[in-house]
Each structure stands twice: as C-alpha cells, then as structure tokens.
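Read the sequence shown against our numbering and you will find it ends at 74, with the numbers running on by one and no gaps.
Don't be surprised by glycine CBs; every beta carbon is placed ideally from N, CA and C.
Fair warning: this is a prediction, and the values are worked out from it, not measured in the lab.
A quick write-up on the structure given underneath.
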Amino acid sequence: MSRDAKELERLARELAALTPEERAKVLAVAERADRFPAPPRGWRPKVLSGSTHWDGGPLTREDLYNDDGR
5 MSRDAKELER
15 LARELAALTP
25 EERAKVLAVA
35 ERADRFPAPP
45 RGWRPKVLSG
55 STHWDGGPLT
65 REDLYNDDGR
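This is how it looks when you write it as structure tokens:
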C-alpha cells in the first residue's frame with residue numbers, strides 16, 4: 005500500500021517493469037499479506053449466551069419501543 009500518489013506511481017512503474025512470472029509472485033505475496041491468519045487447530049469461538057438481567061442502564065423497554073410491553 006502506498007502512502008501518497010508519488011509512491012503509488014513509483015510502485016506501479018516497478019510492477020510494470022517486472023516479468024509476468026515476477027509480477028505473479030509479487031501479487032500472490034500481496035494477496036496473502038492482506039488475509040487474516042488461519043486460527044490455530046482446534047480453536048473454536050466462544051459461544052455467546054443470554055443474560056438474566058438488564059444491562060442497558062437506565063433505559064427501559066418503554067424508552068426503546070414506546071410501549072409498555074403488552
């Protein structure tokens with residue numbers, strides 16, 4: 005990624021000067037660098053569960069929905 009237009013122009017010239025094989029390698033490395041790393045083997049996300057109490061502070065259902073819940 006470039007920081008400004010001049011650097012972007014320089015990078016574009018460098019990329020254009022590469023052979024097709026070199027260009028393919030550079031683009032493959034750039035694509036891999038942009039991806040998130042794979043999670044460790046056996047990792048599972050935590051399961052979110054509901055709560056038994058209201059965490060919304062002083063807000064009430066009536067404030068949110070303008071009704072009394074019926």
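Per-residue DSSP class, three states only, for residue i
i, result
"P24", "helix"
"K77", "The structure shown does not extend to residue 77, since the chain is modelled only from 5 through 74, so no value can be given for it."
"L68", "helix"
"V33", "helix"
Beta-carbon gap between residue i and residue j smaller than 8 Å
i, j, result
"V30", "L19", "yes"
Straight-line Cα distance separating residue j from residue i
i, j, result
"H57", "A42", "36 Å"
"R65", "S53", "21 Å"
"W47", "F40", "15 Å"
"E13", "L68", "52 Å"
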